[in-house]
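**Student:** Here the sequence shown is numbered in numbering that gives the first Met the number 0, starting from 0 and rising by one per residue.
One structure is given below, represented as structure tokens, and several questions about it will come after.
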Amino acid sequence: MNTTPNTRQPVSLRSDVVVEPLIDHWYAWSHLLSPGTAARNIARRQLPIMTSYLEAPAVHQRSSRTPALAGGPFMDLGADRSADVEALIEATRRRAARLLAFDTAVDALQELLAKAGPGVPLEGLYPLVPEPLQGYVELVYDLQDNASFRLIEALLYRSDYASTDGQSLALEPLRADRRPFALSTPRLDTDERTVLPVPFHHPGVDVMFSTLRTPRPFGEVAEALELTSDTARKLAPYFTAADAPATATRKEPPKEPRIRYLGHACVLAENDQGAILVDPLLPPAFPGAGPRLVDSDLPDYIDHVLITHGHQDHLVLESLLRLRTRIGTIVVPRSDAGSLQDPSLRLALEAAGFPRVIELGELQQIETAMGRLTAVPFFGEHGDLAISKSAWLLESDGRTVLFAADTSTIDPAAYAHVRRAIGKVDVLFLGMECEGAPLTWLYGPLFTHEPAREVAVRRRLNGNDDIGAMALAEALGCDRAYVYAMGHEPWVWYLTTTTFDENAAPVRAAERFVAACRTRGIEAQRLHGSCDLPW
Numbered sequence: 000m001n002t003t004p005n006t007r008q009p010v011s012l013r014s015d016v017v018v019e020p021l022i023d024h025w026y027a028w029s030h031l032l033s034p035g036t037a038a039r040n041i042a043r044r045q046l047p048i049m050t051s052y053l054e055a056p057a058v059h060q061r062s063s064r065t066p067a068l069a070g071g072p073f074m075d076l077g078a079d080r081s082a083d084v085e086a087l088i089e090a091t092r093r094r095a096a097r098l099l100a101f102d103t104a105v106d107a108l109q110e111l112l113a114k115a116g117p118g119v120p121l122e123g124l125y126p127l128v129p130e131p132l133q134g135y136v137e138l139v140y141d142l143q144d145n146a147s148f149r150l151i152e153a154l155l156y157r158s159d160y161a162s163t164d165g166q167s168l169a170l171e172p173l174r175a176d177r178r179p180f181a182l183s184t185p186r187l188d189t190d191e192r193t194v195l196p197v198p199f200h201h202p203g204v205d206v207m208f209s210t211l212r213t214p215r216p217f218g219e220v221a222e223a224l225e226l227t228s229d230t231a232r233k234l235a236p237y238f239t240a241a242d243a244p245a246t247a248t249r250k251e252p253p254k255e256p257r258i259r260y261l262g263h264a265c266v267l268a269e270n271d272q273g274a275i276l277v278d279p280l281l282p283p284a285f286p287g288a289g290p291r292l293v294d295s296d297l298p299d300y301i302d303h304v305l306i307t308h309g310h311q312d313h314l315v316l317e318s319l320l321r322l323r324t325r326i327g328t329i330v331v332p333r334s335d336a337g338s339l340q341d342p343s344l345r346l347a348l349e350a351a352g353f354p355r356v357i358e359l360g361e362l363q364q365i366e367t368a369m370g371r372l373t374a375v376p377f378f379g380e381h382g383d384l385a386i387s388k389s390a391w392l393l394e395s396d397g398r399t400v401l402f403a404a405d406t407s408t409i410d411p412a413a414y415a416h417v418r419r420a421i422g423k424v425d426v427l428f429l430g431m432e433c434e435g436a437p438l439t440w441l442y443g444p445l446f447t448h449e450p451a452r453e454v455a456v457r458r459r460l461n462g463n464d465d466i467g468a469m470a471l472a473e474a475l476g477c478d479r480a481y482v483y484a485m486g487h488e489p490w491v492w493y494l495t496t497t498t499f500d501e502n503a504a505p506v507r508a509a510e511r512f513v514a515a516c517r518t519r520g521i522e523a524q525r526l527h528g529s530c531d532l533p534w
């Protein structure tokens, strides 16, 4: 794809072009944005997968196309790309050398602290902290006298550990929803993929995405991105000439409040005063894609974007970057203050160039253009790790709507307390992935000593089954309940590797829950695809 662009012609980014954010050619998700978790994932996920590929590329090719192995550590590259993978390994080791030293230092510090005697003052250990961590950790005891450490994460973001040198954007036309799994397959160069070596916070990124609504001269886009003439020629085919004048088409707000479901956990609530978007994961638009709501169906301005938790299918940087110029404020759960497994989503998004990000702790509230927003406790789905997460309660136009994401009713008594704190919930959205992935599927790289397989399988990333879901709905007094975030939309596969199977345990549990709701007079539905829902 290489043409000579007319730099004065107003253009729009083509609707069928996906723009994937990459770090060292790997799909950027929250654990690659935070320096501490990035170090562990590079050393313990990406490099081992790439090294394994060099040893047996045919095995990776075969395994990546085997449904039973979906989501496994197999690179889906089609033809043998061994030479390119070897080059990427060398480039990664060179670019991320400091992060790899950080990873080794974490293990050494864990071993040092394991030898610390209970009750012995930790101040004497500071000189022994491995050099890559010196000044970036506080040594602490928990209340059982177990020695541990706290990362001073804000300082890490102001160090060379947070270098943006490896960040880029990969543009590619999409002809089908299916993409290689993001956590196991790097995005190598192809004839149809053009990689722009720009960091996520670069102002030119917003100029490029603004053309989706406001056509601009191609030369202005190329200049804003600081592209070389050769890169500009490669970029030009991803844009289409715009006959309309270079002004945005304004969308009128709805006359009545409404809810629009875009798929997975992405829900838009809007009225004539404002709009709130939860867990943005935008379906791609390409010829033959079929009916779906896409980014062009969203309002001009989204007052608040709500993120329930940092998993790759809920905090989707690809979608957030596409919408950045249209977002007022992003609201995230408050983090666990420096634990390795719980990086701050606020710091990560701020470093990626989002100017207005706020944290809310449990039961904290803010007023929005639509109404009051409350952070609601969110249990389960994280393999018993202490991870920041929040369900979001919206009170607007006489209704209360709870976006509960992958909440699991582990302790029903907790939701009895929640009911007393927040009152009755009219509309409930909840995920029901009751057979989630093993603990190590997502969090394995963070452990110094990875849990045994039988432990990881028992400690799954589970949501509710039908019994837990019904306990939640009844505890909150719901009139309507929608099962969502099941990962069954085809455009979500590259983030979840989940496909629809009517005999799968989560699907059967969801159907039992829907039926049980209806017998109790609760309107219920299992959502799939995109649709409009009554307020």
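Glycine included, each C-beta is placed from N, C-alpha and C at the ideal position.
#1: Quick check on DSSP: helix, strand or coil for G435?
#2: Is D341 buried or exposed, if buried means 16 or more other CB atoms sit within 10 Å of its CB?
#3: Which ranges does the beta strand (DSSP E) cover as unbroken runs of at least 3 residues, wholly within the region 157 to 207, from first to last along the chain?
#4: Indicate the three-state DSSP secondary structure (helix, strand or coil) for H303 in the structure shown.
#5: If you run the structure through DSSP and keep just helix, strand and coil, what is V266?
#6: Are there 16 or more other CB atoms within 10 angstroms of the CB of L297, so buried, or fewer, so exposed?
#7: Which residues in the same chain have their Cβ closer than 7 Å to the Cβ of A245, if we skip the five residues on either side of it in sequence?
#8: For E501, count the other beta carbons within 10 Å of its own beta carbon; 16 or more makes it buried, fewer makes it exposed. Which is it?
#9: Check V426 in the structure and name its three-state DSSP category.
#10: Could you check the C-alpha separation between C530 and L121 for me, to the nearest Å?
#11: Got a sec? Which residues, its chain only, sit under 8 Å from A561 by beta carbon, not counting five neighbours each side?
#12: Would A404 and A390 be called neighbours here (beta carbons separated by less than 8 Å)?
#13: Can you list the beta strand (DSSP E) stretches of 3 or more residues lying completely in the region 337 to 365, in chain order?
#14: What is the DSSP secondary structure of I521, counted as helix, strand or coil?
#15: Look at N40 and P444 and say whether their C-beta atoms are less than 8 Å apart.
#16: Which of helix, strand or coil does DSSP assign to A245?
#17: Kindly identify the DSSP beta-bridge partner or partners of V375.
#18: Nearest-angstrom Cα distance between F238 and S11?
#19: As an exercise, report each continuous alpha helix (DSSP H) stretch of at least 4 residues that is fully enclosed by the region 103 to 154, in chain order.
#20: Look up S14 in the DSSP assignment and say whether it is helix, strand or coil.
#21: A468 and F402 look like a contact to me (Cβ under 8 Å); what is the Cβ gap, rounded to whole Å?
#22: Name the two residues that bound the continuous beta strand (DSSP E) containing A474.
#23: Nearest by alpha-carbon distance to R149: which of S334, I466, D205 is it?
#24: Pull the bridge partners of Y260 from the DSSP assignment, please.
#25: With DSSP as the reference, label T230 as helix, strand or coil.
#26: Please go through the same chain and pick out, in chain order, the residues whose beta-carbon is closer than 6 Å to the beta-carbon of A38, but skip the five residues on each side of it.
#27: List the endpoints of the continuous beta strand (DSSP E) containing R483.
**Tutor:** In short, the structure shows the following:
#1: The residue given as residue 435 occupies position 436 in the sequence shown. The answer is coil: DSSP assigns G435 none of H, G, I, E or B.
#2: Against the sequence shown, residue 341 aligns to sequence position 342. When all chains shown are included, D341 counts as buried.
#3: 166 to 172, 193 to 195
#4: What you label residue 303 is simply residue 304 of the sequence shown in a count that begins at 1. H303 falls in the strand class under three-state DSSP.
#5: By one-based count along the sequence shown, residue 266 stands at place 267. Residue state, collapsed to three classes: strand.
#6: Working through the sequence shown from its first residue, we reach residue 297 at position 298. That one is buried.
#7: Here residue 245 refers to the residue found at position 246 of the sequence shown. Any reading at A245 needs caution, since the residue's pLDDT is 47, under 50, leaving its predicted position unreliable; the model's value is listed next. Cβ within range, chain order: P9, T213, P214, R215.
#8: Here residue 501 refers to the residue found at position 502 when the sequence shown is read from its first residue. Exposed is the call here.
#9: Counting from 1 along the sequence shown, the entry for residue 426 is found at position 427. Strand.
#10: Indexing the sequence shown from 1 puts residue 530 at position 531. Indexing the sequence shown from 1 puts residue 121 at position 122. C530 and L121: Cα-Cα distance of roughly 56 Å.
#11: The requested residue 561 does not occur in the structure, where the chain is confined to residues 0 to 534.
#12: Indexing the sequence shown from 1 puts residue 404 at position 405. Indexing the sequence shown from 1 puts residue 390 at position 391. Taking C-beta atoms as the reference points, A404 and A390 count as a pair closer than 8 Å.
#13: 356 to 359
#14: Residue numbering aside, residue 521 sits at position 522 when the sequence shown is read from its first letter. Coil.
#15: By 1-based counting over the sequence shown, the position of residue 40 is 41. By 1-based counting over the sequence shown, the position of residue 444 is 445. Their beta carbons are under 8 Å apart, which means N40 touches P444 by this criterion.
#16: By 1-based counting over the sequence shown, the position of residue 245 is 246. Confidence at A245 is low in this model, with a pLDDT of 47, below 50, so its placement is unreliable and no value can be given for it.
#17: Walking along the sequence shown from the start, residue 375 turns up at place 376. A390, per the DSSP bridge assignment.
#18: Walking along the sequence shown from the start, residue 238 turns up at place 239. Walking along the sequence shown from the start, residue 11 turns up at place 12. Answer to the nearest angstrom: the Cα atoms are 5 Å apart.
#19: Runs found: none.
#20: If you number the sequence shown from 1, residue 14 lands on position 15. The answer is coil: DSSP assigns S14 none of H, G, I, E or B.
#21: Translated into positions along the sequence shown, residue 468 becomes position 469. Translated into positions along the sequence shown, residue 402 becomes position 403. Contact doesn't hold; Cβ gap of about 15 Å is too wide.
#22: One-based indexing of the sequence shown puts residue 474 at position 475. Judged by DSSP secondary structure, A474 falls outside any beta strand (DSSP E) and instead within the alpha helix (DSSP H) spanning 465 to 475.
#23: Position 150 of the sequence shown, counted from the first residue, corresponds to residue 149. Among S334, I466, D205, the Cα nearest to that of R149 belongs to S334.
#24: What you label residue 260 is simply residue 261 of the sequence shown in a count that begins at 1. In DSSP, Y260 forms a bridge with V266, C530.
#25: As a position in the sequence shown, residue 230 is number 231, starting the count at 1. Correct three-state label for T230: helix.
#26: Here residue 38 corresponds to residue number 39 of the sequence shown, with the count starting at 1. Excluding sequence neighbours, A38 sits near L98, F101, D102.
#27: Taking the sequence shown and counting its residues from 1, one reaches residue 483 at position 484. Arg is not the amino acid found at residue 483; the sequence shown has Tyr there. 479 to 483 is the extent of the beta strand (DSSP E) around Y483.
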